[in-house]
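Data first, discussion second: the structure below is written as structure tokens.
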Amino acid sequence: MLDGAVRRRLEPILNRLGIALANRGVSADAVTISGLCLGLAAAFLISWQYYLAGAVLILVSRLCDGLDGAVARASRKTDFGGFLDIVLDFVFYGAIPFAFIIADPGANGLAGGLLLFSFYVNGSSFLAYAIMAEKRAMTSEVRGAKSLYFTTGLAEATETIAFFLASCLFPGWFPMLAVIFAFLCLYTALSRVVLAGQTFRDRH
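All the letters of the sequence shown, read from the start, carry residue numbers 74 to 277 under this note's numbering.
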């Protein structure tokens, strides 16, 4: 929901940084992989209850997630780069809730499990829609130039990062926050199913 507004504010800065990195020979794939490594390091710290340090690494990791596209635009965009970006994003988004479960299984296990379930459903709806859109040669730049067809929703990257950061700042609230965010993700998936029903009903 907030991704569009955030992208408009950050894109000029990210583009300048992307050009600078590309001019120094840094590849977009290297930035993508660096972002995942930082995200996994954040998950490791969270699992040991170093929540504030984990929050800092989450922010740096997501900076890399924005930078890889800027580097690609400044150098060379590839289908593999787009594939790698989405796969490693999903790894990151699964690792952080799992880290909270490890940090306190008794308090966080049930809510964390529900959250991971909602991520699975939401991610499946997103990818399935993108596949059908590609089959019909549909295009959209509502979230900028992307390798896949992006559908908007109530729970997008900005909301997810905000949830992760809030959980790091107030770890005792994780179960409540996770349940709320899980239902936001399930609502987003349901709205995408409704949209797919309206878009893909006819034979193609």
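Cβ coordinates follow ideal geometry from the N, Cα and C atoms, glycine included.
Status (buried if at least 16 other CB within 10 Å, exposed otherwise) for residue i
| i | result |
| --- | --- |
| Ser-240 | buried |
| Ile-204 | exposed |
| Arg-82 | exposed |
| Phe-165 | buried |
| Gly-226 | buried |
| Gly-154 | buried |
| Glu-207 | exposed |
Residue of the options minimising C-alpha distance to residue i
| i | options | result |
| --- | --- | --- |
| Leu-132 | Pro-244, Leu-257, Phe-236 | Phe-236 |
| Gly-186 | Phe-171, Ser-198, Ile-92, Phe-117 | Phe-171 |
| Asn-181 | Cys-110, Gly-245, Val-104, Gly-108 | Gly-245 |
| Leu-161 | Asp-138, Gly-142, Ala-176, Ala-143 | Asp-138 |
| Asp-141 | Leu-250, Phe-254, Thr-231, Leu-87 | Leu-87 |
| Ala-210 | Phe-273, Ala-145, Gly-108, Ser-134 | Phe-273 |
| Val-266 | Leu-242, Leu-200, Phe-173 | Leu-200 |
Residue i and residue j closer than 7 Å at C-beta
| i | j | result |
| --- | --- | --- |
| Leu-136 | Gly-127 | no |
| Cys-110 | Ser-191 | no |
| Ala-95 | Ala-147 | yes |
| Asp-158 | Thr-105 | yes |
| Ala-255 | Leu-188 | yes |
| Leu-98 | Ser-134 | The sequence shown places Gly at residue 98, not Leu. Not closer than 7 Å, so no. |
| Gly-91 | Val-144 | yes |
At 3 residues or longer, and completely inside the region 176-217: list those beta strand (DSSP E) runs for me, N to C. Taken in chain order, the complete beta strand (DSSP E) segments of 3 or more residues contained in the region 176-217 number zero; there are none.
Let me know the alpha helix (DSSP H) ranges lying completely inside the region 243-275, each 4 residues or longer, listed in chain order. Every alpha helix (DSSP H) of 4 residues or more that sits fully in the region 243-275 is shown, in chain order, as 247-272.
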